[in-house]
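Single-structure report; data block below.
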Amino acid sequence: SIVSANPAAGFSGVKWTGNGADATIGHGIDTPELIIAKRTDSTGNWAVQVPSIGNGYLLLNSTIAYQGADPSVWNNTAPTSDVFTTAGGGGEFFNTGNFIAYCFTSVAGYQKVGSYSGGTSGYEVTLDFTPRFVMIKNATNAGGWLIVDSQRGSNELYPHISNAEDTTTTNVVLGTNKFTLNTTGSWYNASGSTYIYLAIA
Numbered sequence: 004s005i006v007s008a009n010p011a012a013g014f015s016g017v018k019w020t021g022n023g024a025d026a027t028i029g030h031g032i033d034t035p036e037l038i039i040a041k042r043t044d045s046t047g048n049w050a051v052q053v054p055s056i057g058n059g060y061l062l063l064n065s066t067i068a069y070q071g072a073d074p075s076v077w078n079n080t081a082p083t084s085d086v087f088t089t090a091g092g093g094g095e096f097f098n099t100g101n102f103i104a105y106c107f108t109s110v111a112g113y114q115k116v117g118s119y120s121g122g123t124s125g126y127e128v129t130l131d132f133t134p135r136f137v138m139i140k141n142a143t144n145a146g147g148w149l150i151v152d153s154q155r156g157s158n159e160l161y162p163h164i165s166n167a168e169d170t171t172t173t174n175v176v177l178g179t180n181k182f183t184l185n186t187t188g189s190w191y192n193a194s195g196s197t198y199i200y201l202a203i204a
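The sequence shown begins at 4 in my numbering and counts up one residue at a time.
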């Protein structure tokens with residue numbers, strides 16, 4: 004792999020070429036807690052791995068729920084401090100071609116990859132920094148990805164669709180050392196659902 008990494012920020016960009024076989028790919032940071040990958044020389048889905056909920060996958064370009072451990076994507080293998088693993092022959096995502104992956108891991112005071120259980124309006128997700136960017140996805144049930152950030156104010160963006168930003172005031176409120184979920188809507192904070200998030204200062 005060709006790696007551009009900032010371990011202090013918990014982020015790396017990784018480029019590699021698949022040859023049709025299972026592969027272990029170097030990433031250059033502490034063990035990734037979130038990986039987003041895409042084939043760059045052909046159409047295809049954005050594959051997402053969040054090891055804290057399992058070795059299956061989500062799709063950044065889809066509303067699907069977490070798909071259980073599927074050997075055709077991440078080869079049912081969690082990333083390590085050195086590499087992440089992709090499936091090769093016959094796999095939907097990482098068979099042959101050119102690929103890019105964006106790897107994230109939590110860094111105190113700067114970035115957090117985490118999860119929470121939904122169900123209570125007004126629920127606060129506590130952080131050790133004030134977030135300026137938050138991305139959320141319901142992992143248990145189908146629902147959109149949503150992004151809020153301090154630059155655009157109260158509008159949401161949705162990575163899984165091509166729409167312009169939503170002009171309705173978001174129910175995700177960025178605060179000092181936290182973000183607050185002022186809803187129990189299914190995309191945000193529904194009872195019985197587990198949500199994954201990426202928050203960056």
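All C-beta atoms in this analysis are idealised placements derived from N, C-alpha and C, irrespective of residue type, glycine included.
Whole-angstrom Cβ separation of residue i and residue j, contact assumed at under 8 Å?
i: Ile203; j: Val53; result: The Cβ separation is near 16 Å, so there is no contact.
i: Phe97; j: Leu37; result: So it is not a contact: roughly 17 Å between Cβ atoms.
For a test of the three-state rule: what should DSSP assign to residue i, helix, strand or coil?
i: Ile5; result: strand
i: Ala26; result: strand
i: Ala111; result: coil
i: Ala81; result: coil
i: Ile32; result: coil
i: Ile67; result: coil
i: Ser55; result: helix
Any chance the CB of residue i is under 6 Å from a heavy atom of the ligand HEM?
i: Ser65; result: As for the ligand HEM, it is missing from this structure, which has no ligand bound.
Within 10 angstroms of the Cβ of residue i, are there 16 or more other Cβ atoms? Answer buried if so, exposed if not.
i: Gln114; result: buried
i: Ser75; result: buried
i: Ser55; result: exposed
i: Asn101; result: exposed
i: Arg155; result: exposed
Can you give the Cα-Cα distance for residue i and residue j, rounded to whole angstroms?
i: Asp131; j: His163; result: 29 Å
i: Ser15; j: Asn9; result: 6 Å
i: Gly92; j: Pro35; result: 24 Å
i: Thr129; j: Thr170; result: 26 Å
i: Val110; j: Pro134; result: 13 Å
i: Gly112; j: Gly13; result: 11 Å
i: Ala57; j: Ala142; result: According to the sequence as given, residue 57 is Gly; it is not Ala. So the two alpha carbons sit approximately 11 Å from each other.
- Message: Threshold first: 3 residues or longer. Then list the beta strand (DSSP E) segments lying entirely within the stretch 131-199, N to C.
- Response: 136-141, 149-152, 175-178 and 181-184
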